[in-house]
Amino acid sequence: MGRLEFICGPMFSGKTEELLRRVKRAELAQRKVACYKSKVDNRYDGQDIVSHNKKARKSVPISSLKQLQNETAEIIAIDEVQFFDAAEIEILNELAFGGKIIIAAGLDMDFTGKPFPASSALLAIANKVLKLTAICMTCGEEASYSRRLGKDQQSVLIGAGEKYEPRCRKHFR
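Residue numbers (the numbering used here): 328 to 500.
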C-alpha cells in the first residue's frame, strides 16, 4: 500500500541522515529503492545525497518531480524537496495513491521563518510527518529555525554551516 512520508525541520536537524537511514532499512528488507535529489542542491556532491556528517548515497539529481512519473521502484526517496515547485507536489500524492512509498526530506521554513511552498503542500497531504529539531547555536535549546549568517537576502542561497545555523525561537530574530 502506498504512502507519503515527510521528514522536515531546520538545517542540521538530521533530515538527510534520517532519509538515508530509512533507505538503508528498505534495502536490507530487499525492497527496490530509487533516490533523487533537487538539482539545486550542489553543496557536497552533484550526484549523491550527502548529509552534513558526510553519509552519502548515490542519487539522481532532478529539476522537476515530473521526472518521477515513470519510476518503477517500490520506494522513492527525495532529498531537498523544498526546492521543487509546490504545484508538482501533487505528483508525489498520485504516486502514493498508485502504490509507491514516497519518503521526502526537506526544510519546512526558509531563513525568514516562512514556510517553503512545496513543504507546506507536502505537510498537508503526507500520511506521516517527522518534524525534527536541531540545537540552537546560541543557547543550546531545541532549534526549529535556520538562521542565515550575513546580509545576503536572496530567497535561495545554497550553503551549510558557513551560511546558516540553527536557532531557537528566542534567538532566531
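Cβ atoms here follow ideal geometry from the backbone N, Cα and C, with glycine treated the same way.
Would you say residue i and residue j are within 8 Å of each other, going by their C-beta atoms?
| i | j | result |
| --- | --- | --- |
| residue 364 | residue 406 | yes |
| residue 346 | residue 454 | no |
| residue 352 | residue 402 | no |
Beta-carbon within less than 8 Å of residue i's beta-carbon, same chain only, minus the 5 sequence neighbours each way: which residues are those?
| i | result |
| --- | --- |
| residue 398 | 361, 422 and 427 |
If you draw a straight line from the alpha carbon of residue i to that of residue j, how long is it in whole angstroms?
| i | j | result |
| --- | --- | --- |
| residue 462 | residue 495 | 8 Å |
| residue 437 | residue 456 | 18 Å |
| residue 396 | residue 389 | 12 Å |
| residue 340 | residue 459 | 6 Å |
| residue 376 | residue 466 | 30 Å |
| residue 474 | residue 334 | 19 Å |
| residue 400 | residue 380 | 27 Å |
To which residues of the same chain is residue i closer than 6 Å at the C-beta, ignoring the five residues directly before and after it?
| i | result |
| --- | --- |
| residue 418 | 392 |
| residue 328 | none |
Rank the options by C-alpha distance to the C-alpha of residue i and give the top, closest one.
| i | options | result |
| --- | --- | --- |
| residue 468 | 403, 425, 497 and 442 | 497 |
| residue 336 | 443, 500 and 424 | 443 |
Quick one: what's got a C-beta closer than 7 Å to residue i's C-beta in the same chain, skipping five residues either side?
| i | result |
| --- | --- |
| residue 448 | 413 and 416 |
| residue 470 | 337, 460, 461, 462, 463, 493, 494 and 495 |
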